[in-house]
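Peer 1: I am attaching a structure below and will ask some questions about it afterwards.
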């Protein structure tokens with residue numbers, strides 16, 4: 028029997044994978060994908076908990092999260108393209124203009 | 346669908362509650378269309394129209410003062426608190442737009458989309474301030490953030506601006522992930538995303554501090570907000586983004602969106618987590634001291650004035666956090682007053698920098714300002730007043746703001762915190778005074794002939810100056826307004 032705990036555990040693992048990826052990967056697009064993994068693990072949490080709690084709020088929240096994630100994808104990829112046009116690179120080690 | 350349910354949903358909609366942001370969004374979309382038909386380089390009228398939009402929105406917002414409006418089944422409330430913060434964001438946006446037109450022309454990006462994006466950012470900020478459901482707050486936060494990512498990376502052929510936009514995007518989206526996970530866990534514990542519903546749940550459960558899921562949820566949610574207000578240790582993005590973004594946007598980001606983040610942060614923590622305040626206050630105590638100290642001490646070593654002001658902005662978030670530690674009316678209204686004052690003084694300082702910068706802005710360093718006080722006396726004096734206010738010198742507004750926040754802390758018995766705050770202000774004297782030393786006591790390397798005053802930027806500086814002096818000399822009425830605005 029799969030209980031709500033299994034879903035929560037799975038989404039916690041996904042969330043941690045996302046954080047780990049953001050912190051360790053060098054490619055801007057891979058980092059962006061890791062952030063998407065984080066957002067989707069949140070979606071999974073919301074849906075599992077919505078079922079568990081017994082109201083619809085969580086599922087409605089998921090729609091908003093997906094919409095926002097789409098908007099963020101549009102803006103984020105555009106920024107990555109603009110950076111690529113100038114530097115011919117999507118490596119975060121090349122984000123090195125600004126530092127003390 | 347049940348007919349009664351539809352009927353009820355329609356009755357719950359109260360457009361009055363979102364009228365200010367509605368007006369602003371309509372103007373924003375109309376101006377997007379207008380800018381399509383505007384030839385490149387002739388965007389002044391778009392700028393002025395957006396200032397008009399903001400003034401109208403300001404008046405619409407003020408009608409809600411002492412006339413609270415709830416709408417959308419209680420997920421939006423336009424109360425005094427929301428009105429106060431909306432006004433801060435509107436002022437910040439208007440001052441920013443005024444200084445932007447000439448700047449965009451000088452830097453070679455005279456395009457109209459810039460202004461609607463600022464209007465949408467402001468609308469998002471207003472939703473954050475008036476949201477009483479974590480869903481509304483999240484949506485406001487994202488409307489604000491997504492527009493700001495674009496604005497931070499607006500100079501798309503300039504690598505520095507690209508980098509600022511990308512860094513802001515990555516860290517902003519990353520922190521949104523934390524915030525959302527916190528919301529999800531809180532939802533699982535309490536069964537609701539409404540701020541008031543969570544408060545009710547927290548009140549009825551005595552041993553919540555041993556509930557791991559609740560603690561993780563509240564912690565992640567607060568972490569997400571602290572990212573947005575740039576409190577240490579979540580401040581790492583701030584200096585890079587503030588330095589690389591177009592200067593007016595830096596000014597705007599440090600005032601409007603920060604105020605909005607504080608608004609949502611205050612509403613959620615004060616209303617929802619009132620029952621666990623003793624634990625929270627301890628955390629905020631540490632964070633406030635850390636934020637002030639980190640911001641001030643790193644600012645000491647900065648050569649770039651924009652970057653220095655970024656670190657100063659971190660330390661000012663720390664001073665504002667003192668009001669959260671105090672956890673009383675004086676402290677909370679002190680934060681609101683502080684953010685209003687900060688808007689005037691910080692945007693004013695950046696407006697002077699906008700005028701002083703050459704194309705590309707490589708001269709906005711301490712050496713680049715050498716002798717400016719003699720070559721451009723009026724602007725020198727204006728910058729000095731803003732810097733004195735940032736230090737917290739009487740009779741400027743910065744003094745009154747710090748005074749109220751520290752008074753709240755002393756009233757709650759946190760004498761040591763107030764002392765640490767005052768000592769931090771003393772440290773900050775060094776780097777603010779160093780700018781003035783460069784302006785007046787160093788021989789000018791250049792004649793500052795490229796600096797031309799233009800009407801819009803001058804208006805922006807004059808309004809900011811008036812705000813700084815008025816709030817400094819007569820803080821009473823505004824502080825009373827802030828007192829009325831606290832829940």
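Chains as they are written, first to last, in the numbering used here: chain C, 28 to 127; chain U, 346 to 832. The beta-carbon is built from N, C-alpha and C at its ideal position, and this holds for glycine as well.
Within 8 angstroms of any Cβ in chain C, is that where the Cβ of residue 522(U) sits?
Peer 2: Chain C contact via Cβ: present.
Peer 1: Between residue 52(C) and the rest of its own chain, which residues show a CB-CB distance below 6 angstroms, the 5 nearest in sequence each way excluded?
Peer 2: Excluding residues within five positions, the ones whose Cβ falls inside 6 angstroms are 58.
Peer 1: Helix, strand or coil, according to DSSP, for residue 673(U) in the structure here?
Peer 2: Coil.
Peer 1: Counting only the same chain and skipping the five closest in sequence on each side, list residues whose C-beta sits under 6 angstroms from that of residue 585(U).
Peer 2: Hits under 6 angstroms: 512.
Peer 1: Under 8 angstroms, with one C-beta from each stretch per pair, do the region 602–612 of chain U and the region 557–576 of chain U reach the 3-pair mark?
Peer 2: Cβ pair count under 8 angstroms is three or more, so yes.
Peer 1: Please return the same chain residues whose Cβ sits closer than 7 angstroms to the Cβ of residue 562(U), not counting the five positions on each side in sequence.
Peer 2: Cβ neighbours of residue 562(U) beyond the five flanking positions: 527, 530, 531, 534.
Peer 1: What residues from the region 504–522 of chain U come within 8 angstroms of chain C, judged by C-beta to C-beta, listed N to C?
Peer 2: Listed in sequence order: 504, 505, 507, 508, 509, 510, 511, 512, 514, 515, 518, 519, 521, 522.
Peer 1: Using a Cβ cut-off of 7 angstroms, pull out every chain U residue sitting near residue 109(C), in sequence order please.
Peer 2: Ordered by position in chain U, the residues that pass the 7 angstroms Cβ test against residue 109(C) are 498, 501, 507.
Peer 1: Please name the residue or residues paired with residue 507(U) in a DSSP beta bridge.
Peer 2: Looking at the DSSP assignment, residue 507(U) forms no beta bridge with any residue, so it has no partner.
Peer 1: Verify the contact flag: residue 578(U), CB atom, against every heavy atom of the ligand NAD, threshold strictly below 7 angstroms.
Peer 2: No copy of the ligand NAD appears in this structure; indeed no ligand is present at all.
Peer 1: Measuring only between beta-carbons, confirm whether residue 529(U) sits less than 8 angstroms from chain C.
Peer 2: Chain C contact via Cβ: present.
Peer 1: Can you check DSSP and say which residues form a bridge with residue 54(C)?
Peer 2: 118(C).
Peer 1: Could you tell me the distance, in whole angstroms, from the CA atom of residue 429(U) to the CA atom of residue 118(C)?
Peer 2: Residue 429(U) and residue 118(C): Cα-Cα distance of roughly 43 angstroms.
Peer 1: Have a look at 505(U), 483(U), 514(U), 503(U) and flag the residue whose alpha-carbon is nearest the alpha-carbon of residue 495(U).
Peer 2: Residue 495(U) has its Cα closest to that of 514(U), out of 505(U), 483(U), 514(U), 503(U).
Peer 1: Short of 6 angstroms in beta carbon distance, which residues of its chain neighbour residue 679(U), apart from the five on each side in sequence? Order them along the chain.
Peer 2: Excluding residues within five positions, the ones whose Cβ falls inside 6 angstroms are 668, 749, 750, 753.
Peer 1: I'd like to know if residue 706(U) contacts chain C, where contact means its C-beta is closer than 8 angstroms to some C-beta of that chain.
Peer 2: No, because no Cβ of chain C sits closer than 8 angstroms to the Cβ of residue 706(U).
Peer 1: For residue 77(C), which of 125(C), 35(C), 28(C) has the nearest alpha-carbon?
Peer 2: Checked all of 125(C), 35(C), 28(C); the closest Cα to residue 77(C) is 35(C).
Peer 1: Which residues in chain U have a C-beta closer than 9 angstroms to the C-beta of residue 125(C)? List them in chain order.
Peer 2: 505, 508, 509, 512, 584, 585, 586, 588, 589, 652, listed in chain order.
Peer 1: Ends of the beta strand (DSSP E) at residue 416(U)?
Peer 2: Taken as a continuous stretch (DSSP letters only), the beta strand (DSSP E) holding residue 416(U) covers 414–416.
Peer 1: Do we get a CB-CB distance below 8 angstroms when we pair residue 452(U) with the residues of chain C?
Peer 2: So, not an interface residue.
Peer 1: I want to verify the contact list: residues of chain C whose CB lies under 7 angstroms from the CB of residue 494(U), in sequence order.
Peer 2: Correct list: 102, 106.
Peer 1: Take residue 63(C) and list the residues in its own chain whose beta-carbon comes closer than 7 angstroms to its own, dropping the five residues that flank it on each side.
Peer 2: Excluding residues within five positions, the ones whose Cβ falls inside 7 angstroms are 96.
Peer 1: When you compare only the Cα positions, how much space is there between residue 766(U) and residue 670(U)?
Peer 2: For residue 766(U) and residue 670(U), the distance between alpha carbons rounds to 12 angstroms.
Peer 1: Check for me: the beta strand (DSSP E) holding residue 635(U) runs from which residue to which?
Peer 2: Not the beta strand (DSSP E): residue 635(U) falls in the alpha helix (DSSP H), residues 622–644.
Peer 1: Please confirm whether residue 740(U) and residue 818(U) have their CB atoms less than 8 angstroms apart.
Peer 2: Yes, they are a contact pair.
Peer 1: Where DSSP assigns a beta bridge to residue 710(U), which residues make up the other side?
Peer 2: 649(U), per the DSSP bridge assignment.
Peer 1: Identify the residues that DSSP records as bridge partners of residue 423(U): which are they?
Peer 2: Residue 423(U) pairs with 414(U).
Peer 1: DSSP state of residue 619(U), grouped into three classes?
Peer 2: Note: residue 619(U) maps to helix in three-state DSSP.
Peer 1: Between which residues of its own chain and residue 462(U) is the CB-CB distance below 7 angstroms, once the five residues before and five after are set aside?
Peer 2: Excluding sequence neighbours, residue 462(U) sits near 492, 495, 496.
Peer 1: List the residues of chain U whose Cβ lies closer than 7 angstroms to the Cβ of residue 95(C), in chain order.
Peer 2: By Cβ distance, chain U contributes 487.
Peer 1: I'd like to confirm the pairing. Which residues does DSSP put opposite residue 539(U) in its beta bridges?
Peer 2: Beta-bridge pairing links residue 539(U) to 478(U).
Peer 1: What separation, rounded to the nearest whole angstrom, lies between the Cα atoms of residue 599(U) and residue 114(C)?
Peer 2: Using only the alpha carbons, I get a separation of about 28 angstroms.
Peer 1: Using a cut-off of 9 angstroms between C-beta atoms, extract the partners of residue 476(U) located in chain C.
Peer 2: Within 9 angstroms Cβ-Cβ: nothing; residue 476(U) doesn't reach chain C, min ~12 angstroms.
Peer 1: Between residue 364(U) and residue 405(U), is the Cβ-Cβ spacing less than 8 angstroms?
Peer 2: Yes, these two residues count as a Cβ contact at 8 angstroms.
Peer 1: Can you grab the Cα-Cα spacing for the pair residue 784(U) / residue 776(U), in whole Å?
Peer 2: Residue 784(U) and residue 776(U): Cα-Cα distance of roughly 13 angstroms.
Peer 1: Please state whether DSSP places residue 580(U) in a helix, a strand or coil.
Peer 2: Residue state, collapsed to three classes: coil.
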